[in-house]
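Enquirer: Residue numbers (the numbering used here): 5 to 264.
1) Could you have a look at residue 120 and say whether DSSP puts it in helix, strand or coil?
2) How far does the beta strand (DSSP E) with residue 188 in it reach, from first residue to last?
3) Specify the secondary structure class of residue 149 as computed by DSSP and reduced to three states.
4) Please state if the CB of residue 196 and the CB of residue 97 are separated by a distance shorter than 9 angstroms.
5) For residue 101, which three-state DSSP category applies?
6) Starting from residue 44, trace the alpha helix (DSSP H) both ways and give me its first and last residue.
7) If you run the structure through DSSP and keep just helix, strand and coil, what is residue 73?
8) For residue 186, count the other beta carbons within 10 Å of its own beta carbon; 16 or more makes it buried, fewer makes it exposed. Which is it?
9) On the criterion of 16 or more Cβ atoms from any shown chain inside 10 Å, does residue 29 qualify as buried, or is it exposed?
10) To which residues of the same chain is residue 3 closer than 7 angstroms at the C-beta, ignoring the five residues directly before and after it?
11) At what residues does the beta strand (DSSP E) containing residue 144 begin and finish?
12) Where does residue 90 sit, in a helix, a strand or coil, going by DSSP?
13) Between which two residues does the beta strand (DSSP E) harbouring residue 329 extend?
14) With three or more C-beta pairs closer than 8 angstroms as the rule, is the segment 84-102 touching the segment 6-16?
15) What are the start and end residues of the beta strand (DSSP E) that includes residue 255?
16) Note down the Cα distance separating residue 111 from residue 138, rounded to an integer number of angstroms.
17) When you compare only the Cα positions, how much space is there between residue 9 and residue 38?
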């Protein structure tokens, strides 16, 4: 089977697929010939994504709402005739502050989106992946889930939970030929990291440029990761090239060695 034959048969769902990393993932899948459905929380970005990717399916969905996740998966799988790939991309950065200054609501919200959302989506998707006879789930984690990240405790803890969830799912679903892996990006170029650097710089009392330098000081390659690189890794994992890869945490970070 050629790559074209393989991808033309694939049916994929990408959460938070209208902007940023999610849009790059959806674009790569769409360009390969796969059927793709995406969700996001705002109508405007979804409309723009649909205009740029003809034939893509879109749904407004907050992944922290289990009923919304169930409805999204039901609508997408009915339209596509099944499901082969789930990319759990949706997530939020959470607050950048010392633990004693983090509100209970901010803590809960970070877990509701970053962890519960991935659980709800996987739970809804698994019966369809099993029906397909094989499949792939990719969970977006972070290097923050592997190392100590000061001033980002809700985000770091939630991403560690994602890594653990993906590992558990890989063992549960392996007999069904469903592969489950997590992606651990490092410092990814884009709007989110600009917001994070701004918040952390303010908390530390330093400039934005100084905060960026601190972050990249821990990266051996001294560079940010581009969203297209993450999309490429996900394509590799979901393709036949990744058929024996499951239960892994795939870091894509330019050699991030420690955090400050």
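C-beta atoms are modelled at their ideal positions from N, C-alpha and C, and glycine is treated no differently.
Being a predicted model, the structure only gives us computed values, none of them experimental.
Expert: The answer reads as follows:
1) Note: residue 120 maps to helix in three-state DSSP.
2) 182-189
3) helix
4) Yes, they are a contact pair.
5) coil
6) Looking at the DSSP string, residue 44 is not in any alpha helix (DSSP H); the run it does join, the beta strand (DSSP E), is 39-44.
7) In the structure shown, residue 73 sits in a helix (DSSP, three-state: H, G or I).
8) Buried, by the Cβ-count rule.
9) Burial call: buried.
10) With the chain running from 5 to 264 in the structure shown, residue 3 is simply not present.
11) 139-144
12) In the displayed model, residue 90 falls within a strand according to three-state DSSP.
13) The structure shown does not extend to residue 329, since the chain spans only 5 to 264, so no value can be given for it.
14) yes
15) 253-256
16) 35 angstroms
17) 10 angstroms
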